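**Student:**
Residue numbers (the working numbering), protein chains in the order written: chain A, 52 to 368; chain B, 3 to 295.
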C-alpha cells in the first residue's frame, strides 16, 4: 500500500509539471479552453463519487454546488475584487456549509427522496439567485478579468493550472477516503444503514463528513468558471445538465474505485467537447442520454466493473 | 398593493390551476406512488404527448382533447414496453434499482427532450380550438375558458381513475400489488403483469394530460424540467398513491403558486413547488394522505 502511495504522488507531481510545461510551450489558447472543461468535470465527478459512490446517496444537486461556487466568486469579485485563490477558498467554505446542511437532510430522507430533495434544492437556490439583482439577476453579469499574475502567460493558462491542482487535490482526498476507515464505513452504510449503525459505525457523522467534503470540492470547482467565461447567469450556472453529466461520468467510469470517475469524466468530457465543436450542443445532450441509458442497462458497474469482470474471468481460465 | 379582490382572483385561478396539476400528476401518482418506480421521465412523456396532440391538431385539425384520446392506446403500449425494460434491467436483478433507476429515467428524459428539439426546434408550440382564447367574466374577474376546460376534464379524470382503482378487479389488484407483492405471488397471481398493466395505465393517462398541458399554455421541449418539481411535489405531498390526495395536494400547490405569482411576481414561481416539496419531505415525508406510517 505504501509503495502505491509513493507512485500516486510521483504521478500527481509529474501531471502538474506536465500541465505547467504545457502552459509554457503551447501558444494557442484553445487547448486550454477545452482542457479546462474536462479538468472541471473530473473534479466534479470525483467529488460526486465521494457521496454517491461510497455512500450510495445519489446527489442530483451537483449544479446547485457548482452554481453556488460560480456565484460566490462573482459576489466576492464584485464586492472586493478578490483574487482567484480567495474566490476558490471562499467557495469551498460555502460548499462545505451547504454540504453540512445536505448531510443533515439525509437524517430524514433516503433513496429517491434524497435525490428529489437535491433537485428541489437546486431550483430553490437558482430562483433566489435569479431574484438577486446585485449579482446580475436573470440577465446575468459581465466580469472583467484582472491582469494575469506571474509566472503565467495568460489568464486561461492560469485557470487551467489551478483547475489541474484542484484535480490532484480531489483525487488525493477521494483516494485517501477509499483506503481509510471513512471509506469502509461509508460502504457499510451503503449496503445496510441500519446494520452499520447497530455495529457501531457512526453513520450520521460519516454521511455529514462525506457531504461536506463532496460539497466543498464541487463548489471550489465551480468558482474559477466565473473568470473562465467572464460571464455568469443563473440558468446556465445551475443547469441540470451539470448534474446529469457528472452522474453519467461517475456511472460510466464506475464508482467502485477512485479512478472510475476520472476515466468517465475524461471519456464523456472529451466526447462532449468534440461533439459541441463539430456538430451541435443538442447532439451532445442526446449522446449524454444514450450513454447514460446504455451504461446503466448494460454495464451497471461501469468501465472499472467491466475491467474487473474480464480480469476475474482470465484468472479462472 | 394588497387587495382582497386580487387575492380572491388568485385563489380562484389557483384552484383551477391546481386541478390541472392534478391531471398531469395522476400518472406519476400511480407509477411512483403505487409502484415505487422512480419515474423522473414522466414529465418528458407528458411533453411528448403534448407534441403528438400538437401534430394531430396542426395537420389534421383534430380537437386537442379528442387527439389526446386518440393517442391514449399508443401511450398505453409505450408504458407497457417501458415497464418491461425497467423490470428486466433493474427490478429483476434486484439490488440498487433506486440509484440506477433514476439515472436510467433521466437518460430517457434527455433523449426525448433532444428528439423533440431535433424534430420541432426549440420554439413554443400551441394548439387551436374554439374554447382557447375566450374568457368567462364574473364581475371584474376574468376566467379563461381554457382553464375551465382543463378544470372539468382534470376533475373527471381524477374521479375516473380513483373509481378504477377502488371498484374494478384490476384496480384493486394494482393496489394490492403496491401493498404486498409477495402475498400476491403466494396467491397465484403474477405481480409483474399487474405492475406492467398499472404502468401502462399510468402512461395512457398522459394522453389527456398532455392535451390539457398544451391547451393551458404553449409547450416547449424543455418544459418537462419545470414539471419534474410540480408533479413530484404533488405526488409526495399527497402521500404516495392516493388519488383524492393528489387532487387536494395539487390544489394546494396551484393556490400557493397563484398567490405568490400575484404578490411577488413570476420570477419566484419556479421555486414554489420545489420549496413546498422540500418542506413536505422534511416535515411530513408520508404526505397528507400517506399510506405508510
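Glycine is no exception: its CB is placed at the ideal position from the N, C-alpha and C atoms. Since this is a predicted model, take the numbers as computed values, not measurements.
(1) What would DSSP say about residue 198/B, mapped onto helix, strand or coil?
(2) Which residues, in order along the stretch 331-354 of chain A, keep a beta-carbon less than 7 Å from a beta-carbon of chain B?
(3) Mind listing which residues of the stretch 285-310 of chain A have their C-beta closer than 7 Å to chain B's C-betas, in chain order?
(4) Can you pull the chain B neighbours of residue 119/A, defined as C-beta to C-beta under 9 Å?
(5) If you run the structure through DSSP and keep just helix, strand and coil, what is residue 138/B?
(6) Could you give the DSSP three-state label for residue 146/B: helix, strand or coil?
(7) Determine the burial state of residue 137/B: buried for a count of at least 16 other Cβ atoms within 10 Å of its Cβ, exposed for fewer.
(8) Against chain A, which members of the stretch 178-207 of chain B pass a CB distance test of less than 8 Å?
(9) Please state the DSSP three-state secondary structure of residue 127/B.
(10) At a Cβ threshold of 8 Å, is residue 174/B touching chain A?
(11) Please list the partners that residue 76/A has in chain B, where partner means a Cβ-to-Cβ separation under 7 Å.
(12) Could one say the Cβ of residue 2/B lies closer than 8 Å to chain A's Cβ atoms, at least one of them?
(13) For the alpha helix (DSSP H) that contains residue 41/B, what are its first and last residues?
(14) Going along chain C in order, which residues have a C-beta closer than 7 Å to the C-beta of residue 49/B?
(15) Of the choices 359/A, 278/A, 349/A, whose alpha-carbon is the least far from that of residue 123/A?
(16) Tell me, please, which residues DSSP counts as bridged to residue 221/B.
(17) Is the stretch 296-306 of chain A touching the stretch 95-115 of chain A in the sense that three or more CB pairs, one from each, lie closer than 8 Å?
(18) Between which residues of its own chain and residue 59/A is the CB-CB distance below 6 Å, once the five residues before and five after are set aside?
(19) At the level of alpha carbons, what is the spacing between residue 8/B and residue 205/B?
(20) Below 8 Å, how does it come out for the stretch 156-170 of chain A and the stretch 221-238 of chain B: are there three or more Cβ pairs, yes or no?
(21) Within a Cβ cutoff of 8 Å, which residues of the same chain sit near residue 244/A, ignoring the five residues on either side of it in sequence?
(22) Considering residue 333/A, what are the terminal residues of the alpha helix (DSSP H) in which it resides?
(23) Which residues in chain A sit within 7 Å of residue 227/B, going by Cβ to Cβ distance?
(24) What are the residues that DSSP puts in a beta bridge with residue 192/A?
(25) Could you tell me the distance, in whole angstroms, from the CA atom of residue 25/B to the CA atom of residue 216/B?
(26) What is the DSSP secondary structure of residue 225/A, counted as helix, strand or coil?
(27) Whose C-alpha, out of 141/A, 291/A, 94/A, 339/A, is nearest the C-alpha of residue 110/B?
(28) Determine the chain A residues that contact residue 116/B at a beta-carbon separation under 8 Å, and present them in chain order.
(29) List the residues of chain B whose Cβ lies closer than 9 Å to the Cβ of residue 166/A, in chain order.
(30) Report the rounded CA-to-CA distance for residue 135/B versus residue 221/B, giving the unit in angstroms.
(31) Can you list the residues of chain B that residue 178/A reaches, using a CB-CB cut of under 7 Å?
(32) Along the stretch 88-121 of chain A, what residues have a CB closer than 7 Å to any CB found in chain B?
(33) Sort 147/B, 58/B, 268/B, 257/B by Cα distance to residue 11/B and report the nearest one.
(34) Tell me the rounded alpha-carbon separation between residue 217/A and residue 147/A.
(35) Using the Cα positions of residue 229/B and residue 46/B, report the straight-line distance between them to the nearest angstrom.
(36) If you follow the alpha helix (DSSP H) that residue 75/A is part of, which residue opens it and which one closes it?
**Tutor:** So, from the data block:
(1) Indexing the second chain from 1 puts residue 198/B at position 196. Residue 198/B: helix per DSSP, three-state reduction.
(2) 333, 336, 337, 339, 340, 341, 343, 344, 347, 348, 351
(3) 291, 295, 298, 302
(4) Locating residue 119/A in the first chain gives position 68, counting from the first residue. Neighbours of residue 119/A in chain B, taken as residues whose beta carbon is under 9 Å from its own, are absent, since the nearest beta carbon is some 15 Å off.
(5) Along the second chain, one-based indexing puts residue 138/B at 136. Shown here, residue 138/B sits in a strand according to DSSP, grouped into three states.
(6) Stepping through the second chain from its first residue, residue 146/B is reached at position 144. In the structure shown, residue 146/B sits in a strand (DSSP, three-state: E or B).
(7) Here the question's residue 137/B lines up with position 135 in the second chain. With fewer than 16 Cβ atoms within 10 Å of its Cβ, residue 137/B is classed as exposed.
(8) Hits within the stretch: zero.
(9) The sequence position of residue 127/B within the second chain is 125, counting from 1. Residue 127/B falls in the strand class under three-state DSSP.
(10) Working through the second chain from its first residue, we reach residue 174/B at position 172. No, residue 174/B lies away from the interface with chain A (no Cβ there is under 8 Å from its Cβ).
(11) As a first step, residue 76/A must be located in the first chain, where it is residue number 25. Under the 7 Å cutoff, chain B gives no residues; its nearest Cβ is about 38 Å from residue 76/A.
(12) The first residue shown for chain B is 3 and the last is 295, placing residue 2/B beyond what the model contains.
(13) By 1-based counting over the second chain, the position of residue 41/B is 39. Note, residue 41/B: premise wrong, no alpha helix (DSSP H); not H, not E.
(14) Looking at the structure shown, chain C is missing, and the protein chains on hand are A and B.
(15) If you number the first chain from 1, residue 123/A lands on position 72. Comparing Cα positions, the closest option is 278/A.
(16) As a working mapping, residue 221/B is identified with position 219 in the second chain. BP columns for residue 221/B point to 127/B.
(17) yes
(18) For the purposes of this step, residue 59/A is taken as residue 8 along the first chain, with counting starting at 1. The beta carbon of residue 59/A lies closer than 6 Å to none in the same chain, with the five residues before and after it left out.
(19) Numbered from its first residue, the second chain carries residue 8/B at position 6. Numbered from its first residue, the second chain carries residue 205/B at position 203. Between residue 8/B and residue 205/B, the C-alpha separation is close to 37 Å.
(20) yes
(21) The residue given as residue 244/A occupies position 193 in the first chain. Excluding residues within five positions, the ones whose Cβ falls inside 8 Å are 161, 254.
(22) If you number the first chain from 1, residue 333/A lands on position 282. Its alpha helix (DSSP H) spans residues 332-349.
(23) Taking the second chain and counting its residues from 1, one reaches residue 227/B at position 225. Residues of chain A passing the Cβ test: 291.
(24) Indexing the first chain from 1 puts residue 192/A at position 141. Note: residue 192/A sits in a beta bridge opposite 283/A.
(25) As a working mapping, residue 25/B is identified with position 23 in the second chain. As a working mapping, residue 216/B is identified with position 214 in the second chain. Computed Cα separation, rounded: 13 Å.
(26) As a first step, residue 225/A must be located in the first chain, where it is residue number 174. Residue state, collapsed to three classes: helix.
(27) Locating residue 110/B in the second chain gives position 108, where the first residue counts as 1. Residue 339/A is the option with its Cα nearest to residue 110/B.
(28) Along the second chain, read from residue 1 onward, the residue named residue 116/B stands at position 114. Ordered by position in chain A, the residues that pass the 8 Å Cβ test against residue 116/B are 333, 334, 336, 337, 340.
(29) Here residue 166/A corresponds to residue number 115 of the first chain, with the count starting at 1. Correct list: 40, 42, 100, 101, 104.
(30) On the second chain, residue 135/B is found 133 positions in, with the first residue counted as 1. On the second chain, residue 221/B is found 219 positions in, with the first residue counted as 1. Rounded to whole angstroms, residue 135/B to residue 221/B spans 16 Å at the Cα level.
(31) Counting from one through the first chain, the residue named residue 178/A turns up at place 127. Neighbours of residue 178/A on chain B, chain order: 270, 272, 273.
(32) 107, 109
(33) On the second chain, position 9 is the one that residue 11/B refers to. Closest option to residue 11/B, Cα to Cα, is 257/B.
(34) In the first chain, the residue the question calls residue 217/A occupies position 166. In the first chain, the residue the question calls residue 147/A occupies position 96. Approximately 15 Å, taken between the alpha carbons.
(35) The residue you call residue 229/B lines up with position 227 of the second chain. The residue you call residue 46/B lines up with position 44 of the second chain. Take the alpha-carbon of residue 229/B and the one of residue 46/B: they are about 9 Å apart.
(36) Residue numbering aside, residue 75/A sits at position 24 when the first chain is read from its first letter. Its alpha helix (DSSP H) spans residues 53-76.
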